[in-house]
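This report concerns only the one structure given below.
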Amino acid sequence: MKIFGYIFSPIWKLWFVLCFVIPFLILFPIFYFALRTGRFSLVFKLKRLWARMISMGAFLYPSIKYQSKKYNLPQPCIVVSNHTSYLDIVFSPFYIDHTAVFMGKYELLKIPLFKYFFVYLDIPVNRKSITNAHKAFSDTGKKIDEGLSVVIYPEGTISETGKLKPFKNGAFKMAIEKQVPIVPVVNLNNWHFLQNGGFFKSNGRPGIPRIIVGDPISTIGMTDKNVDELKEKVYIFTQEKLKEFNGK
């Protein structure tokens, strides 16, 4: 079975890359036009279409459940999610129903064509540079002031094993500063289907990724003194959902 996995996973990943790249190239002229002209709602609708094309082509059928009941995400808000796979980003337009921007690593600016998302809309952050990190924090605040929601992965990196890493403070400080709600999202098993950690060594296969969207957490009345409390609340929620799913 392991031998089959070693053979099948790389083949499926190559197919996934094609499912990712070909629709992007087809949609890119419209993406570029929408980005250059500030039609950001169109950009996000195109991202949702792109995500559907990827999912259908790669035989990935995400199951999205809500903590209590399905709802439209408050706008603006900060979506806080654990980060286990690049699929976390791909699937996010399925549960975000309005225009949102992403905070992503600075290296994405080096990718041809894809970099335009970060030139015109999304927020690149270089965590190794204090100056750049402060600028990213400031840019996040400006996006929220414009009425845009922001997606942040507070672990700051992808977990190769799905194990939850410590959260950084930035997303929670910003939510309190702007008095906007936090929406916790738990990616339960995305890493089973597209794992980080080496093309030939990591998992890659079709299937049903499962995602839980938590209830919004209000920050009205909170101050900087509540940052750790808010962060811990989201961390515990995420950890509990992961344990429930894994049967531990």
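Position one of the sequence shown corresponds to residue 911 (my numbering), numbered consecutively onward. No residue lacks a Cβ here, since even glycine has one placed at the ideal position from N, Cα and C.
*Are the segment 1072-1085 and the segment 1147-1155 touching, with three or more C-beta to C-beta distances below 8 Å?*
Between the segment 1072-1085 and the segment 1147-1155, the count of Cβ pairs shorter than 8 Å is three or higher; the stretches touch.
*asked:* Only counting the same chain, and skipping five residues up and downstream in sequence, which positions put a Cβ closer than 7 Å to that of K953?
replied: Reading the sequence as shown, one finds Val at residue 953 and not Lys. Closer than 7 Å at the Cβ level, and outside the excluded window around V953, lie F941, A944, L945, L1031.
*At least three beta-carbon pairs within less than 8 Å, the segment 1103-1122 to the segment 951-970*: A contact exists between the segment 1103-1122 and the segment 951-970.
_With H, G and I counted as helix, E and B as strand and the rest as coil, what does DSSP make of I1033?_
The DSSP-derived three-state label of I1033 is strand.
*Closest to K1078 by CA distance: which of K975, K923, W925, L1140 is it?*
Taking only the C-alpha atoms, the option nearest K1078 is L1140.
*How is V989 classed by DSSP in three states: helix, strand or coil?*
Three-state DSSP puts V989 in a strand.
*Would P1022 be called buried (16 or more neighbouring beta carbons within 10 Å of its own) or exposed?*
P1022 comes out exposed.
*Three-state secondary structure assigned by DSSP to F1012*: Here F1012 sits in strand by DSSP.
*Simplified DSSP assignment, three categories, for S919*: Three-state result, S919: helix.
*In whole angstroms, what separates the C-alpha of V1090 from that of I988?*
Going by the C-alpha atoms only, they are around 7 Å apart.
*So which of R1037, G1057, N992, V1096 has the shortest CA-CA distance to T1009?*
Of the listed residues, the one whose Cα sits closest to T1009 is G1057.
*Count the other CB atoms within 10 Å of the CB of H1044; is the residue buried (16 or more) or exposed (fewer)?*
The residue is exposed, with fewer than 16 neighbouring Cβ atoms inside 10 Å.
*Rounded to whole angstroms, how far is the Cβ of P1003 from the Cβ of K957, which I believe are closer than 8 Å?*
Confirmed, Cβ separation roughly 5 Å.
*In the DSSP assignment, what are the bridge partners of N1113?*
According to DSSP, which records beta bridges pairwise, N1113 is partnered with nothing at all.
_Measuring CB atoms only, is the segment 1057-1069 touching the segment 982-1001, in the sense that at least three cross pairs come out at less than 8 Å?_
The answer is yes - the segment 982-1001 touches the segment 1057-1069, with three or more Cβ pairs under 8 Å.
*What three-state label does DSSP hand K1025 in the structure shown?*
The answer is coil: DSSP assigns K1025 none of H, G, I, E or B.
*Starting from R962 and walking both ways along the alpha helix (DSSP H), at which residues does that stretch end?*
For R962, the enclosing alpha helix (DSSP H) begins and ends at 950-968.
*Compare the beta carbon distance of E1062 and H993 with 7 Å and say whether it is the shorter of the two.*
A quick correction: the sequence has Ile, not Glu, at residue 1062. The Cβ atoms of I1062 and H993 do not sit closer than 7 Å to each other.
*Can you tell me where the alpha helix (DSSP H) with K1045 in it begins and where it stops?*
Looking at the DSSP string, the run of the alpha helix (DSSP H) that includes K1045 is 1040-1055.
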